[in-house]
Each structure stands twice: as structure tokens, then as C-alpha cells.
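Participant: Input: one structure, supplied below.
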Amino acid sequence: MGLFSDDEYIEEAMIKSCLLYNKKEIKEKRNSLFHKTILSLIISGKVNTLIEIKEYFDKHHKTLFIDENRIQSAIKELVNNRFIELKDERIILTSDTQQESENHIRSITKLQKILIDEILEKIKSEYKKEIKNPQQIKSNIKNCINYYYTVSGLSFFELDTQKKMEDLPSIESIASKNISLEEQRELSNIIIYSIGSIIEKPTESQQDILEILARMYITTQIMNIDPLLKNFKGSIIKEKEFILDTDVVLYLITKNASLSEQYRIIIQQLLSCGCKIYIPQDVIREVFNHAEAATKRYFYVSNFLDSDDVIVRQNLKNVFIEDFYFTKHKEQSKELNWETYIGNFYNPRYGTALILEQIKMILGKNIKYNSMPFDVPINQEEFNLLEEKALEETNKTEKALHREEDKNEDIAKTDTMLYLKIKKLNEINNKRIGENDRADLLINKYYVLTNSSRIHYCAKSLNLNANVLCKPQSLMAYLSETGSNNTSEIKITSLFDNIFLLHTSKLVWEDIKTLVNSGIDIKGKSLVRLRFDLQEDIKDLLTCETVEDYNAIYERVNRKGYKFEDRIEDIMRDSQNKTKIIESMMQIIEQKNSEIKERDEQIEKAKKVIERQKYENRINRRRK
């Protein structure tokens, strides 16, 4: 599992430590992360005395200044919980810990193997050819999954400055490792697509293992960065101010959507810690747009509402519709209908006023609405550059295909505005208090609470990146580690940015633009399906030179279940009608020509008969 770890044995030991802690009820939660870190060092065999533990922290965590008393206290707690025992001043694992550790890691390995086998079967079904080295493909799948969690983990608090993204291998190189040249390009793409599809739409058993892996990676990342959580104690967290992005607000104001309960817990915990929370006006407008989109999308997805939960989650792609579905099923309310439900959030006559009042009623008076911490000026040139880049990347997402262009522009604008304003606020504050923007946990005062990292990577490509985004699952994990939150069930997998599908969108974006420009209607079609359904047609569309060629592609694409835009359909129908008219006219002409030919033949025959008759008449006259 330690693909990117500096020490693979330490990482595996950390995983074992996390699993062991999850299996036991530990009374003292506040220092549990430090205890887990020490236990992982002991499990790895790197240390077995107090002095060796102290030397390890002095070398790898120089800024923590951990004294021997702190370590002794942790060792005492580990002894009391029967993780370790002392023999002649040496620290060793108890036999139970050793046994449990091996059992847990063996269990995880088994579940991971099942997941990899299922992904391999999906790859085989997509590839439709014999795979020469399936064991190598399995290895590449495993490394790709490690990559997914590593990169996702690096972005939790935008800590990718700790490990530069450009220093990591590309996902293509991992997927194609040791694959023959003839297989390489197609098969590596299929590996990426298959993993991305399963991460986005896992079965229940796949979801379980993905979440176990996610929790392990989250905690090991935290342990590596700040095992004492020195930058996230209650006295520090209360100084933070969070600006809520649209994706968070949507789950907060719905009751039964997949992440509603978890997000409400996060906000309650932040408020109880004394944090200030803001919802800007632009975010409220985006929530309104989302409700408006729900009214349009409902009629396209209502046929899924009688399906099982997994299918529903995969196809609804709108928080309001998702909430309506689960509310109706959870409360078994036959009286609840869609019009009544969405009417509580959306009414074009009232505009954003209705949904703002609804948000206020649900979230309460402790949140600051229609506002930011301070209004600060931002560089217009930076804004224009970042907005353009953000719009480009937003348009590459599958959801963007279902939106009107102006809505995508609004999203890019809001993301850019929030990012640059919070960046500026932190710069002003850090300058005031004499701190620089460091790669520490929540070192800044202001953060955008959001699930998306897209704007960060856009900013990074323009050298405008800053530590301003904070993910809900990060906060949940930290609150749990500090003892502020006792909730152990943390849904993580669904909260990650899916780097595989992001990669997919980049791979096919030029192709998608070609399809759109050619008039093919791709609404509702996944990127994977587009890629495999139309890759040959895309090439042909780029190279076709005659009307006949285009007509042939049109027929081929139609047979695959795709439609063209109305304007193209009208042209093709007109063309086909004209073709039919011409064909009909040609048939008439051909028929007339045939009739003329037949008439000419008859005339010619008649002429011959007449000539013959004239000849016989002349002969008869001479005889007389």
C-alpha cells in the first residue's frame, strides 16, 4: 500500500495501528492520534525504547518539541489499553495486539483483492480482447487505487505543497506499467475508466472497502503531518472562519440526502467550537439555480424513482431530487409529491428570497447570510485569468453538459470570487500577525468549506494557489481525532474528487467539443460511454469530406442510440426529404423515359409495318 510513502513499513504499521484503535473503545480520545503514531512506530519495529521514540520525533517532527513526559504518558495509556507491555524497559507488542494486527491487515488485503478482481473483470468486458498479463494489470490497478487516495489525501487541506503534484508519477504511467506497447494506450485508458467508474458508482461491498481504505489513508496522512494536532486544538479552531460553498449548503438545507446528516454535524460542531460561518450572496444564488435545475431534471429522471437506492444515487445527480426520493421513502409519505416538495425551495416569482428564508429557518440565526467576513479588493487581471481557466475546467465535467452555458459561467465566477477573496483575506491577516502561508493544518484564519478542489488546481496552474479550501471529510476526521466529535461513521468515498473521472474528462474533452460542434446531442451520456461508443465516429467526423460521408456517419450514430440537435435533425430531415423528392422525380423520369422508349419502339414498329404495307401496295400496282 505504500506506493508514495517514504517508509513503506511505517505506513503499513500506521494502517495496522488505525485498525486496532477502531476495534477498541478508547476512553481518552484527545491524544489518540499521538498514541496511534507511537503504536505504529512500535508495530513497524523501528523503535522499542522511550529514547528511540524521542529520537524518531526529534528527527522527523522537529517543530513539535515532544518531551519525554509526553511520550511516557502515551506509553502508559497504550499499556493500560493492552496494546503494548514493558519488559526490562523495552517496549513490545502484546500477543493479542500482534495477532489482531495481522488478522486485520489480512482481512483488509482480502477485501482489497476482491475489489481488484472485480475491477479486472470490468476491464476485460470493456477491452474485449485477451489480456496478456492479467497479474500485471492487477498490480497496476492496486497502484492506481493507492494513487487515488494519496493525491486525494494531499488535497485535504491543500497540503500538496508537502509533496508536489509534479513529483508524483502520472496516472497514465502507473496504469500502463509493464504493459506491452500494442496494448498500452487502449488498455491503460480502460484501466483508468474502469477504476473511475467503480469509485463513482460502487456496489455496497465495494463502497465498504473503499471507505475503509479512505479512512486509513486520511488518518495516516494526519499522523505524518501533525501527530499532536497542534494546529487544531479547541483553542485554535474557535478562531477560524468558514465560508460555505454551494455543495455544502445544498446538503445542509436538505434533510435526507446522502450527506445531509453528516454535514449538519460538522456545522454544529464548528458553531459549538465558536467558529464563524458565512454564506455569501453568490452561493445563495447558486442554490436557487440548483433548485431551478431540479425542476427541469426531475422529468428526465423520475423513471428511476422506483429503482433501488444504488441506481437512484447514480442517476439523479441533483441534491433536491435525491432528498425528495429518500424523504418520500423514509417517511413513507404517499401525500408528498414533487411539486409540493420543490415548491418549498423554488418559486420563480419570489426568486432567491424564498430559498434564503428557507435556509435561515433550517440553519438558524448563528450563521451570517448574504455576507463575507470582509469585502476586500482583488486583482482584476488575476480574476479574469482564473475565471477563464475555471470555466474551461467546469465545462469538462459531466454535470456541465446538463446546464446552460450561463449557469456554468456563474459557477466559475463564484468559485473564482470566493477563492481569490479568501486568499486575499488570509494574506492581509497573516501579514498583520506576522505569519506566512505555511503548509500546516488550518494555519490560516479563513477557509472555504467545499468538497471541490477544481478551483485550487486551476489556481495552481496559474501560480495563484493558496491554502484556502477545506474539505468536510477533513474536518470530520480532525474533529473526531480531537475528541470534539464522537461520530465514527464517516462517509468518505463519495466526498473525494474523482481524479480518474477528471482525467477522463480531459482525455475526451477535445472529442466532446467535436461531437457538440457536429451537432450530436450528448446529454445524459457518461464520459466512459462517449469514449467507447463514438471513438471511431469522432475520427470520421474530423475527416469526412462529402455530404455522402456525413450522411453515413449520421445513420451510424443514430443506430447507436444517439440523436443530433434539433437544428441538425431538421437539416437532415430536409435533406432526406429533398433526396426522397429527387429520388421520386428520378423514378418518374426513369418511368417516363421507359414509356418514351417503349413508345418509340412501338412507333418504329409501326413505321416498319407502314413501310412494308407501302412496299406491298407498290408491288401489287405493278402486277396489275
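Residues in the sequence shown are numbered from 105 upward in steps of one, following this note's numbering. All residues carry an ideal CB built from backbone N, CA and C; glycine is no exception.
#1: Buried or exposed for R319, please, with buried defined as at least 16 other CB atoms from any protein chain shown within 10 angstroms of its CB.
#2: Under 8 Å from any heavy atom of the ligand PLP, does the C-beta of E720 make it?
#3: Are I147 and I179 close, meaning C-beta to C-beta below 9 Å?
#4: Can you say whether R507 is buried or exposed, counting buried as having 16 or more other CB atoms within 10 angstroms of its CB?
#5: Is it true that the CB of N422 sits closer than 9 Å to the CB of A457?
#6: How would you call Q373, buried or exposed, if buried means at least 16 neighbouring beta carbons within 10 angstroms?
#7: I need the straight-line Cα distance from A279 to C248, nearest angstrom please.
#8: Could you check what DSSP says for V552 in three-state terms: helix, strand or coil?
#9: Near F187, what residues of its chain come up, given a Cβ to Cβ distance below 6 Å and the 5 sequence neighbours on each side ignored?
#10: Determine which residues share a DSSP beta bridge with Y382 and list them.
#11: Whole angstroms is fine: what's the gap from R722's alpha carbon to R716's?
#12: So who's on the other strand from K535, going by DSSP bridges?
#13: Tell me the residue span of the alpha helix (DSSP H) that contains K191.
#14: When you compare the region 306-313 with the region 511-525, are there three or more beta-carbon pairs, one atom per stretch, that lie closer than 8 Å?
#15: If I'm right that I471 touches I329 with Cβ under 8 Å, what's the distance once you round it to whole angstroms?
#16: By DSSP, does R401 sit in helix, in strand, or in coil?
#17: Identify whether L375 lies in helix, strand or coil by the three-state DSSP scheme.
#18: Between which residues of its own chain and D221 is the CB-CB distance below 8 Å, once the five residues before and five after are set aside?
#19: Under 9 Å, do L317 and Y251 count as touching if we go by C-beta distance?
#20: Have a look at S121, T153, E156 and K166 and flag the residue whose alpha-carbon is nearest the alpha-carbon of N185.
#21: Can you tell me the Cβ-Cβ gap for Y551 and K344, rounded? I've got them flagged as a contact below 8 Å.
#22: If I'm right that L529 touches P477 with Cβ under 8 Å, what's the distance once you round it to whole angstroms?
#23: Which runs of the alpha helix (DSSP H) fall wholly inside the region 149-188 and span at least 4 residues, in chain order?
#24: So for I147, helix, strand or coil by DSSP?
#25: Whose C-beta lies closer than 6 Å to the C-beta of Y445 among residues of the same chain, with five residues either side of it excluded?
#26: Mark K575 as exposed unless 16 or more other C-beta atoms lie within 10 angstroms of its C-beta, in which case mark it buried.
#27: Just the C-alpha distance for D541 and I119, rounded to the nearest angstrom, thanks.
#28: Do I245 and I299 have their CB atoms nearer than 9 Å?
#29: What residue range is occupied by the uninterrupted alpha helix (DSSP H) comprising L317?
#30: Kindly list the residues whose CB is nearer than 7 Å to the CB of K734, restricted to its own chain and excluding five residues on each side of it in sequence; keep chain order.
#31: Tell me the DSSP bridge mates of R194?
#32: At the level of alpha carbons, what is the spacing between E304 and Y561?
#33: What residue range does the alpha helix (DSSP H) around I296 cover?
#34: Quick check on DSSP: helix, strand or coil for Y524?
#35: With DSSP run on the structure shown, which of helix, strand or coil describes L573?
Facilitator: The answer reads as follows:
#1: R319 is buried by the Cβ-count criterion.
#2: Of the ligands one can find in the structure shown there are none, so the ligand PLP has no counterpart to examine.
#3: The answer is no: Cβ separation not under 9 Å.
#4: Under this definition R507 is a buried residue.
#5: no
#6: buried
#7: 6 Å
#8: strand
#9: L143 and T201
#10: I347 and K472
#11: 10 Å
#12: According to DSSP, K535 bridges with nothing at all.
#13: Taken as a continuous stretch (DSSP letters only), K191 belongs to no alpha helix (DSSP H), being part of the beta strand (DSSP E) at I188 to K191.
#14: no
#15: Actually they do not touch by this definition, with Cβ atoms about 30 Å apart.
#16: helix
#17: helix
#18: K242
#19: no
#20: S121
#21: In this structure, Y551 and K344 form a Cβ contact; the two beta carbons are roughly 7 Å apart against a cut-off of 8 Å.
#22: 6 Å
#23: If we require 4 residues or more, the alpha helix (DSSP H) runs fully inside the region 149-188 come out as 154-164 and 172-184.
#24: helix
#25: F428
#26: Only buried fits K575, as 16 or more other CB atoms lie within 10 angstroms of its CB.
#27: With a pLDDT of only 49 at D541, under the threshold of 50, the placement of this residue in the model should not be trusted, and no figure is reported.
#28: yes
#29: E308 to I329
#30: Nothing about residue 734 can be reported from this structure: the residues present for the chain run from 105 to 728 only.
#31: K191
#32: So the two alpha carbons sit approximately 20 Å from each other.
#33: L285 to E304
#34: According to the sequence provided, residue 524 is Leu. The question's Tyr does not apply to it. Three-state DSSP puts L524 in a helix.
#35: strand
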